[in-house]
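Report on the structure given below.
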Amino acid sequence: MKQRPSGLKEAWPLAPLTSWQVGGPAQFYIEPQTEAELRAGLEWALSENQPIQILGGGTNVLIHDQGIRGLVIGLRRFAKLEEQVSNSELQLKVLSGTAKSELLKVFLKHKLEPAVFLAGLPGDVGGGIVMNAGVGEAWRPREFVELTRSIRVWDWSSGKILEREFQRQDLHWEYRHCKGWQPGVIVSAELSWPLQPQADVLDRVRKANQVRLTKQPLDLPSCGSVFVNPPGDKAGRLIEAAGLKAFRIGGAQVSPKHANFIVNVGGATAADLEAVIRHVQAQVLKQFGVQLRTEVVFLGPWA
Ligand SMILES: Cc1cc2nc3c(=O)[nH]c(=O)nc-3n(C[C@H](O)[C@H](O)[C@H](O)COP(=O)(O)OP(=O)(O)OC[C@H]3O[C@@H](n4cnc5c(N)ncnc54)[C@H](O)[C@@H]3O)c2cc1C
Numbered sequence: 061m062k063q064r065p066s067g068l069k070e071a072w073p074l075a076p077l078t079s080w081q082v083g084g085p086a087q088f089y090i091e092p093q094t095e096a097e098l099r100a101g102l103e104w105a106l107s108e109n110q111p112i113q114i115l116g117g118g119t120n121v122l123i124h125d126q127g128i129r130g131l132v133i134g135l136r137r138f139a140k141l142e143e144q145v146s147n148s149e150l151q152l153k154v155l156s157g158t159a160k161s162e163l164l165k166v167f168l169k170h171k172l173e174p175a176v177f178l179a180g181l182p183g184d185v186g187g188g189i190v191m192n193a194g195v196g197e198a199w200r201p202r203e204f205v206e207l208t209r210s211i212r213v214w215d216w217s218s219g220k221i222l223e224r225e226f227q228r229q230d231l232h233w234e235y236r237h238c239k240g241w242q243p244g245v246i247v248s249a250e251l252s253w254p255l256q257p258q259a260d261v262l263d264r265v266r267k268a269n270q271v272r273l274t275k276q277p278l279d280l281p282s283c284g285s286v287f288v289n290p291p292g293d294k295a296g297r298l299i300e301a302a303g304l305k306a307f308r309i310g311g312a313q314v315s316p317k318h319a320n321f322i323v324n325v326g327g328a329t330a331a332d333l334e335a336v337i338r339h340v341q342a343q344v345l346k347q348f349g350v351q352l353r354t355e356v357v358f359l360g361p362w363a
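Going by this note's numbering, the first residue of the sequence shown is number 61, and it counts up by one from there.
And the structure:
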């Protein structure tokens with residue numbers, strides 16, 4: 061049996077660690093800051109036969125009201141960023157819990173275009189890669205795949221921690237999803253972008269932030285867009301056309317400002333949010349024959 065990792069918490073509330081502010085506790089919880097601490101946590105969970113769940117910035121997850129069994133590893137403090145200039149490129153090495161806002165600052169300092177797509181994109185680098193996070197606008201870059209050179213993954217599925225490295229081209233990048241590295245945890249990533257400064261990057265970042273403020277209900281807890289856009293259409297347009305703007309169950313409401321956002325107007329439970337999600341899916345299917353797929357990831361004992 062391995063020693064309990066230092067800082068191990070029991071029955072740790074997860075709701076404050078998510079942007080929706082809902083969900084029950086983690087049976088066990090750690091927040092590693094270094095690779096050694098991450099490894100110690102994984103080894104302890106393996107020796108105790110505890111399931112392991114990774115939580116990044118918590119901005120794209122719906123955690124069940126009963127919480128999560130086993131060990132939850134929160135990566136918000138697992139952050140480090142090293143930059144270097146080589147071959148006319150800006151190259152970044154980051155631990156996966158590094159906030160996207162930290163990346164933005166570096167790209168902005170060099171007046172590089174990735175700062176624009178990162179403006180207002182919440183969460184961590186790891187979550188950005190897992191979700192292939194991006195924007196609807198036809199910007200360059202518009203998705204994480206364009207920045208990512210390689211990732212380092214620890215896979216514990218055999219009972220031992222095996223390290224694997226994947227180059228961008230080894231992975232399957234899709235709209236709001238990256239496959240081909242699972243199972244495991246993304247430990248670190250190498251990112252790069254050509255050093256071609258653009259004088260107007262700061263202006264464009266400000267405009268991008270302004271557009272988000274105008275279009276999105278950023279004053280209320282949400283997970284951003286709940287559904288991925290179906291081919292050739294917009295989930296928000298379909299939800300609005302189905303007459304569901306402002307539809308509410310308990311504390312969960314389809315945002316009157318942006319129909320693809322479901323906001324926590326106060327005291328929402330994960331069950332309220334799930335009920336709104338299922339109602340929206342059923343109505344859009346009934347009225348338009350379109351099956352909306354969720355972008356948000358369900359964590360915990362969902363059926
Ligand atoms: C206001 C708001 C606006 C948003 N706007 C956008 C947008 O414009 N575009 C967009 O794409 N998204 C958007 N999002 C959604 C979300 O911010 C992104 O998907 C983000 O990249 C998720 O990162 P995260 O660190 O919060 O991941 P989390 O929500 O913590 O996790 C997401 C998934 O990734 C897994 N995961 C996280 N880190 C790791 C890791 N290191 N290794 C293995 N698995 C990991 C988790 O287990 C989970 O399955 C928005 C969210 C909010 C709240």
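The beta carbon of each residue, even a glycine, is placed where N, CA and C say it ideally should be.
- No Cβ-Cβ contact shorter than 8 angstroms links H124 with P257.
- With a cutoff of 8 angstroms on beta-carbon distance, N269 and G187 are scored as not near each other.
- Per DSSP, the continuous beta strand (DSSP E) segment holding I90 begins and ends at 85 to 90.
- DSSP, reduced to helix, strand and coil, places V265 within a helical segment of the structure shown.
- If you compare the alpha carbons of A331, A330, S66, A319 with that of V340, the shortest gap goes to A319.
- By the neighbour-count criterion, in which 16 or more other beta carbons inside 10 Å mark a residue as buried, A306 falls on the exposed side.
- At a cut-off of 3 residues, the continuous stretches assigned as beta strand (DSSP E) that sit fully inside the segment 110 to 146 are 112 to 115, 121 to 123, 128 to 134, 141 to 146.
- In the structure shown, the three-state DSSP call for W104 is helix.
- Taken through DSSP and simplified to helix, strand or coil, I221 comes out as coil.
- Contact between E91 and G134 holds, since their C-beta atoms are separated by about 5 angstroms, short of 8 angstroms.
- Under the DSSP assignment, H237 falls in the beta strand (DSSP E) whose first and last residues are 237 to 239.
- Taking one beta carbon from each stretch, the segment 261 to 281 and the segment 215 to 229 have fewer than 3 pairs nearer than 8 angstroms; the two do not touch.
- If you draw a straight line from the Cα of V261 to the Cα of E162, it comes to about 16 angstroms.
- The C-beta of E203 has 16 or more other C-beta atoms within 10 Å across all chains shown, which makes the residue buried.
- Excluding the 5 residues flanking it on each side, A335 has same chain C-beta neighbours closer than 8 angstroms at I309, G310, A312, in chain order.
- Two segments are said to touch when three or more pairs of C-beta atoms, one from each, lie closer than 8 angstroms; by this definition the segment 234 to 247 touches the segment 198 to 217.
- Spanning the alpha carbons of G349 and G194 requires a straight line of approximately 27 angstroms.
- Taking 7 angstroms as the cut-off, one finds at least one heavy atom of ligand 1 near enough to the beta carbon of V357.
- Considering only W233, V132, G327, the residue with the shortest C-alpha distance to A105 is V132.
- W241 and L98 have their alpha carbons spaced roughly 18 angstroms apart.
- Sorting D332, R137, I299 by C-alpha distance to the C-alpha of K317 places I299 at the top.
- Put simply, the backbone Cα of I322 is about 9 angstroms away from that of L280.
- At least one heavy atom of ligand 1 sits closer than 7 angstroms to the Cβ of P182.
- Cβ-Cβ separation between V356 and C283: approximately 5 angstroms, consistent with a contact (criterion under 8 angstroms).
- Between the alpha carbons of G303 and G326 lies a gap of roughly 22 angstroms.
- The Cβ atoms of G116 and G67 do not sit closer than 8 angstroms to each other.
- Put simply, the backbone Cα of A301 is about 42 angstroms away from that of Q87.
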